[in-house]
Amino acid sequence: MSTIACHAPHSTLDEPAWRADCKTAAENAQPGCGLSWDHWVTLFSSEIDTQASRLPPDQRTQALEIAAREWDYATPAERQETQDWNAEHGYCSHGIEFGYCPAGCDRDDDDWD
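The UniProt record's numbering numbers the first residue of the sequence shown as 1 and each following residue consecutively.
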């Protein structure tokens, strides 16, 4: 992914470059998500957090708003809220109902002996 750099204080976000970074993050999240929307959001949003941390502070809010509006970026607090809901309702960290996660999240080690 590209890193959007700006050397002038109070600079303007390069929106086309940021959108390209978001598109790349979305594409990179797809193969690892296992077709789980919750997991895709986690993978995508984590990468966006990394990319946004490289932006000047005055550009981060705008960048994250674009990612949320156009690609469903979720803040760390929103992602934690989803994880908490999943845990309370019988879903694994990937957002898949226990018993069906291909990663074996609900697997009891004794069941695999």
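From the three backbone atoms N, C-alpha and C, an ideal C-beta is built for every residue, glycine too.
Everything numeric in this text was worked out from a predicted model, so none of it was measured.
Under 7 angstroms Cβ to Cβ from His94, same chain only, skipping five residues before and after it: list those, please.
As a working note, residue 94 is residue 94 in the sequence shown. Only Gly34, Ser36, Asp38, His39, Cys101, Ala103 and Cys105 meet the Cβ criterion.
State the CB to CB distance for the pair Trp71 and Phe44, rounded to an integer number of angstroms; the pair is presumed to be in contact (CB under 8 angstroms).
Here residue 71 refers to the residue found at position 71 of the sequence shown. Here residue 44 refers to the residue found at position 44 of the sequence shown. Rounded, the Cβ-Cβ distance is 6 angstroms, consistent with contact.
By a C-beta neighbour count over all protein chains shown, 10 Å radius and 16 as the cutoff for buried, is Ala77 buried or exposed?
Start at 1 with the first residue of the sequence shown, and residue 77 comes out as number 77. Exposed.
Tell me whether Met1 sits in a helix, a strand or coil according to DSSP, three-state version.
By one-based count along the sequence shown, residue 1 stands at place 1. Since pLDDT at Met1 reaches only 49, below the 50 mark, its modelled position is unreliable, and the value read off the structure follows with that caveat. Met1 carries a coil assignment under DSSP once its states are collapsed to helix, strand and coil.
Glu81, enclosing alpha helix (DSSP H) - first and last residue
For the purposes of this step, residue 81 is identified with residue 81 of the sequence shown, where counting begins at 1. For Glu81, the enclosing alpha helix (DSSP H) begins and ends at Pro76 to Glu88.
Hey, how far is the Cα of Tyr91 from the Cα of Ala20?
Position 91 of the sequence shown holds residue 91. Position 20 of the sequence shown holds residue 20. One C-alpha to the other measures close to 33 angstroms.
Per DSSP, which one or two residues make a beta bridge with Tyr91?
Numbered from its first residue, the sequence shown carries residue 91 at position 91. For Tyr91, which the question treats as bridged, DSSP gives the partners Glu97.
Using the C-alpha atoms, what's the distance from Ser11 back to Gln80?
Position 80 of the sequence shown holds residue 80. Position 11 of the sequence shown holds residue 11. Cα to Cα, Gln80 sits roughly 32 angstroms from Ser11.
Is it the case that the Cβ atoms of Ala74 and Val41 are separated by a distance below 9 angstroms?
Within the sequence shown, numbered from 1, the residue matching residue 74 stands at position 74. Within the sequence shown, numbered from 1, the residue matching residue 41 stands at position 41. Taking 9 angstroms as the Cβ cut-off, Ala74 and Val41 qualify as a contacting pair.
What whole-angstrom Cβ distance do Arg60 and Ala68 have, given they're in contact under 8 angstroms?
For the purposes of this step, residue 60 is identified with residue 60 of the sequence shown, where counting begins at 1. For the purposes of this step, residue 68 is identified with residue 68 of the sequence shown, where counting begins at 1. At roughly 12 angstroms, the Cβ-Cβ gap does not stay under 8 angstroms, so Arg60 and Ala68 are not in contact.
How far does the alpha helix (DSSP H) with Pro16 in it reach, from first residue to last?
Here residue 16 refers to the residue found at position 16 when the sequence shown is read from its first residue. Looking at the DSSP string, the run of the alpha helix (DSSP H) that includes Pro16 is Glu15 to Ala29.
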